[in-house]
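The next block holds one structure in the form of structure tokens; read it before the comments.
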Amino acid sequence: MNVSTEHPIASIEEVKSQRSKRIGYFFYRVRKSPLTLLGASIILFMLCVMLFAPWLATHDPNAIDLMKRLQPPSAAHWFGTDEVGRDIYSRVVFGSQQSISVGFFVVGVAGVVGTLVGCFSGSVGGRIDGLIMRLTDTILSVPSLVLTMALAAALGASLFNAMLAITLVRIPYYVRLARGQALGIREMGYVKAARTFGASRWHIVRWHIVRNALPPVVVQATLDIGGTILVAAALGFIGLGAQQPTAEWGTMVATGRNYILDHWWYSLFPGLAILITSTSFNLFGDGIRDILDPKQRGK
Amino acid sequence: MDSRTVLSIKDLSIEFPLYEGTLKALNGVSLTVKQGEIVGIVGESGSGKSITAMMTMRLLGEGSYRVRTGSIDMLGVDILKASEKEICELRGGDVAMIFQEPMTALNPTRKVGKQMVDVIRRHQRVSKGQAEEIAAGLLSDMHFADPEDILARYPFELSGGMRQRVLIALAFSCNPKVIIADEPTTALDVTVQKQVLMLLKKMAAERKTAILFITHDMAVVSQFCDRVYVMYAGSLIESGSTRKVLHSPRHPYTRGLLAALPETAAPGTQLKSIPGSVPDLSKLPVGCAFQSRCSQSSEKCHQKPALAEAPQTDAHLCACWHPLTDLEAVA
Amino acid sequence: MTPTPILQMKDVHVRFPINPDWLGRPRQHVHALNGISIDVARGDILGIVGESGCGKSTLAQILVGLLKPTSGSLQLAKQDAATRSGMQIVFQDPQSSLNPKLPVWKIITEPVYALGDRPSQQAMMDLAKSLAIQVGIRPEYIYRFPHEFSGGQRQRIAIARALSTNPEIILLDEPTSALDISVQAQILNLLQELQRSRNMTFILISHNVSVIRHMCNRTAVMYLGQIVEVGATLDVLENPRHPYTQLLMESVPKLSDAGFSSDPAEKTELPSNIKLPAGCFFKDRCARATSGCQTPQALVTGEPRQTGHQVRCHLAYA
């Protein structure tokens with residue numbers, strides 16, 4: 000058969016170069032936005048702190064030294080010490096493990112579960128969709144922080160239960176988001192085409208809906224990590240999160256509150272850690288959204 | 000400049016900066032439209048025909064493009080240098096525009112009559128009652144049987160063809176000297192298209208309005224336009240009277256395009272397609288943009304051919320080093 | 000001698016309920032298809048032409064099983080209707096009909112995969128390669144993603160996907176409307192080559208009369224959910240008998256003559272398909288309407304009968 004091809008031959012190398020060009024474009028956009036770059040650098044720094052905490056810490060975070068209670072920052076104790084003489088710098092360093100892993104765990108679990116449920120709900124439609132939507136409406140109608148606190152209190156005060164509570168409350172947001180995407184994708188030509196092949200519902204959700212619903216979910220997830228760290232800290236602050244003696248930023252700020260007038264360093268450093276980490280995730284998330292948002296992106 | 004020239008574009012080059020390099024959207028476009036003339040610009044997607052139309056009223060987002068060379072003179076106003084206020088006075092006054100999608104051009108929440116009265120009163124000092132009369136008169140010129148009924152309706156209560164006729168009536172409401180029409184009938188069915196085109200032509204002839212008509216459809220050009228410019232990859236490659244350009248094309252691209260139409264071939268036979276595809280506007284070759292797809296190309300094509308400046312604008316011009324003679328074109 | 004049809008539609012009606020009352024019972028119906036009967040024989044290229052609102056797209060959805068007829072029947076000769084592999088579709092817009100997140104080889108072989116037999120990845124890639132070659136896409140390209148292709152190439156990919164299950168019939172729903180003229184020519188040539196080399200059957204839905212004339216051996220003209228004229232393409236388009244077909248053909252802009260000759264139709268609006276007109280659906284726009292048009296019109300077969308030219312107008316052969 001005599002058919003014309005429209006382009007000269009392309010090799011696998013060219014395919015690879017196309018892909019690296021796309022990645023190059025991504026980094027180009029990140030570089031163009033200094034705030035995104037700042038957010039990304041801080042996140043990278045915080046991840047390093049979390050991974051290398053045992054080496055970065057100058058003291059054992061739980062070592063009690065009653066002789067050195069509530070000492071101000073010094074060469075020996077960079078961020079000072081707390082009411083039982085533990086090194087606050089080391090506790091902040093180890094606290095990153097709690098806070099950041101809570102952020103990733105919650106967003107990861109809520110994102111995956113929410114996306115799957117939302118995509119399923121949106122592509123099935125009908126009564127099942129209605130039921131799932133009324134359920135999410137119910138959860139969304141209660142202020143999320145209040146609900147999280149209530150759930151965490153009901154489950155019992157521990158870091159794991161706090162994580163579970165935050166996750167459960169976050170899921171409906173992702174369900175909503177993914178369902179909205181799925182409703183749009185359901186009308187696309189490729190989904191109609193798949194239906195004409197006789198493809199199963201599960202095939203369509205897996206091949207078409209989830210893959211295309213994902214980019215906005217990823218953006219939302221990046222933005223949510225910062226918020227989740229804040230909520231986890233808040234739960235710690237009111238005593239529903241991590242328990243003493245675990246080094247956790249929110250708990251530390253809460254205990255430090257008792258000494259805040261004379262011993263400013265106690266609450267300041269863990270507070271700053273919370274502020275910087277959650278802000279950097281928000282900056283990065285905003286940047287990612289600008290880059291991935293198809294409306295902002297030229298052809 | 001001829002006193003009867005209403006629009007004159009000289010050597011216009013526009014580019015869009017990209018992540019890698021620049022997209023050369025227009026490359027030295029020169030064209031003129033005279034009073035009462037219907038001039039077509041025909042080309043495939045990416046040829047720059049819509050960008051040319053947008054530029055005549057500076058409708059592209061400011062800052063997204065760069066003007067490399069050229070000037071646009073619309074009714075004596077230097078469009079590229081004019082202030083936003085001057086341009087706004089032109090838009091909807093002496094120059095009207097008609098677009099492809101008639102739904103988005105009307106506010107869906109307000110009745111057709113109210114919108115027409117607003118537009119009429121913005122440019123003419125008339126009372127509300129007078130404006131309504133003008134609107135009804137324009138609608139009956141557009142062959143609406145019951146204009147009052149249309150004025151009382153919302154845009155979504157009208158069909159696509161009716162909306163486009165309302166918009167044409169609106170375009171004529173301020174007695175424009177020029178109408179820029181960008182694919183106005185592409186979204187319409189052929190029976191409606193015929194009606195809209197004939198009404199547009201009749202109104203323009205009565206009021207001596209010039210029309211710059213952008214389309215991809217050669218057959219519509221042949222029915223509607225006095226003169227036509229053919230665009231390819233941001234350049235004008237052929238111009239002249241519609242009959243000459245479409246019946247004895249001299250540029251290989253124009254001929255290839257006409258030969259690729261199914262109506263010119265016998266049913267069931269193989270169509271003569273143009274090999275290859277439109278070049279990437281950010282990687283245009285040096286010289287003629289059509290050289291890689293052209294059967295006539297030679298060494299000479301590495302220099303860019305130009306549409307020669309001619310004393311009279313209706314001459315048949317062709318930007319090609321190896322133009323086809325009439326005899327070849329007919330064969 | 001007419002060959003046995005591989006697709007038969009008998010009096011297919013489709014209506015959609017709208018405007019429900021407080022109990023959810025519809026008060027009115029949109030009548031999308033009002034009695035479509037047509038046979039398609041192997042090797043036919045059947046053109047279906049009509050303007051927006053005539054029911055073309057509803058018909059397409061019925062044919063590929065996205066919708067069920069409200070009444071009437073649809074029979075494919077190859078009765079493995081459980082998988083529906085007898086019919087595949089190529090959509091108008093190659094932009095949205097290919098999933099942007101899948102590599103081309105997965106797109107092409109998706110129908111095979113979705114039908115349940117799960118060949119190995121290597122077998123799927125080989126199949127994708129051979130199909131890509133048949134539609135003029137370089138086999139090295141199958142690892143790429145849709146956005147790296149032009150509109151014409153994407154439509155080739157959509158055609159390759161339609162071929163992957165070896166269907167009896169391919170439904171082409173405005174396959175070139177979104178493409179430029181030079182690319183349209185390439186795609187139409189490809190479709191003709193495929194049809195000849197495989198003796199395939201196509202149903203081509205289009206609003207573009209010249210595409211239909213070029214491609215099809217039989218043509219049906221639709222108006223308000225009915226076939227108003229059907230027959231050999233040249234009979235229907237060159238010697239239209241139905242007043243609507245005549246109006247349509249007069250309205251098509253032609254390259255050959257300068258300027259529209261006749262006056263435009265005064266009435267270009269379709270009658271409502273919620274409350275269907277009594278009698279002939281076209282009578283309000285018809286210049287020749289008489290009292291005989293008050294009764295519903297049936298398809299009248301013209302002479303000579305073997306040409307199969309049928310017109311839904313009692314004046315057609317009067």
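Those protein sequences? They're chains U, P and F, same order as listed.
Each residue of the first sequence is one higher than the last, beginning at 0 in numbering that gives the first Met the number 0.
Each residue of the second sequence is one higher than the last, beginning at 0 in numbering that gives the first Met the number 0.
Each residue of the third sequence is one higher than the last, beginning at 0 in numbering that gives the first Met the number 0.
Don't be surprised by glycine CBs; every beta carbon is placed ideally from N, CA and C.
For chain U, the residues of the region 92-115 of chain F that bring a beta carbon within less than 9 Å of one of its beta carbons are D92, P93, Q94, S95, S96, L97, N98, P99, K100, L101, K105, I106, E109, P110, V111, Y112, A113, L114 and G115, in chain order. Measuring C-alpha to C-alpha distances from U:K67 to each of U:A74, U:L167, U:N61 and U:G79 identifies U:G79 as the nearest. Here the alpha carbon of U:L37 sits roughly 15 Å from the alpha carbon of U:A272. It is roughly 55 Å from the alpha-carbon of U:L167 to the alpha-carbon of F:N207. For P:L105 and P:D145, the gap between their C-alpha atoms comes out near 20 Å. Here P:D93 has L74, P175 and K176 as same chain residues with Cβ atoms under 6 Å from its own Cβ, once five neighbours each way along the sequence are excluded. Assignment of P:R152 by DSSP, reduced to helix, strand and coil, places it in the coil class.
With a beta-carbon spacing of about 17 Å, P:H321 and P:V244 fall beyond the 8 Å limit used to define contacts.
Residue-level contact by beta carbon fails for F:F15 and chain U, as no gap is shorter than 8 Å. Counting every other CB atom within 10 Å of its CB across the protein chains shown gives F:Y316 a total below 16, marking it as exposed. In its chain, beyond the 5 residues on either side, T184, V219, Q222 and F223 have a beta carbon closer than 8 Å to the beta carbon of P:L196. Looking at the backbone, the Cα of P:I179 and that of P:A95 are separated by about 6 Å. Counting only Cβ-Cβ distances below 9 Å, F:G64 has contacts in chain U at R194, T195 and G197, in chain order. Annotated three-state conformation of F:R217 is strand, per DSSP. Our two residues, U:G124 and U:N160, have alpha carbons roughly 33 Å apart in a direct line. By the beta-carbon neighbour count (other beta carbons within 10 angstroms, threshold 16), P:L17 is exposed. With contacts defined as CB atoms closer than 8 Å, F:T108 and F:L126 qualify as a contacting pair. For F:R14, the enclosing beta strand (DSSP E) starts and ends at P4 to P19. In this structure, the straight-line span from the alpha carbon of U:L46 to that of U:A52 is close to 10 Å.
By the Cβ neighbour-count rule, P:S238 is buried, with 16 or more other Cβ atoms within 10 Å of its own. When C-alpha distances from U:I203 are compared across U:T35, U:M187 and U:L134, the shortest belongs to U:M187. Here F:N198 is exposed. Its C-beta has fewer than 16 other C-beta atoms within 10 Å.
Bounds of the beta strand (DSSP E) holding F:I44 are I44 to V48. Around the Cβ of F:E302, a 10 Å sphere holds fewer than 16 other Cβ atoms; the residue is exposed. Neighbours of F:N188 across chain P, judged by C-beta separation under 7 Å: Q269, L270 and S272. Assigned with DSSP and collapsed to three states, F:S290 falls in helix. Here the region 212-231 of chain U lies against the region 277-286 of chain U, with 3 or more beta-carbon pairs under 8 Å apart.
Contact annotation, U:R185 with U:G121: C-beta distance approximately 7 Å; criterion of less than 8 Å satisfied. Per DSSP, U:A246 lies in no beta strand (DSSP E) and is assigned neither H nor E.
Of all residues in the region 238-257 of chain F, only L246, L247, S250, V251, P252, K253, L254 and A257 place a beta-carbon less than 7 Å from a beta-carbon of chain P.
Comparing alpha-carbon positions, the option among P:L11, P:E85 and P:K48 lying closest to P:L211 turns out to be P:K48.
A Cβ-Cβ contact shorter than 8 Å links P:L137 with P:F171. Here DSSP, grouped into helix, strand and coil, assigns F:N33 to strand.
Here DSSP, grouped into helix, strand and coil, assigns U:S89 to helix. At a beta-carbon threshold of 8 Å, the residues of chain F lying near P:M217 are I180 and L254, ordered along the chain. In terms of Cα proximity to F:R153, the closest of F:P102, F:I17, F:K9 and F:L65 is F:P102.
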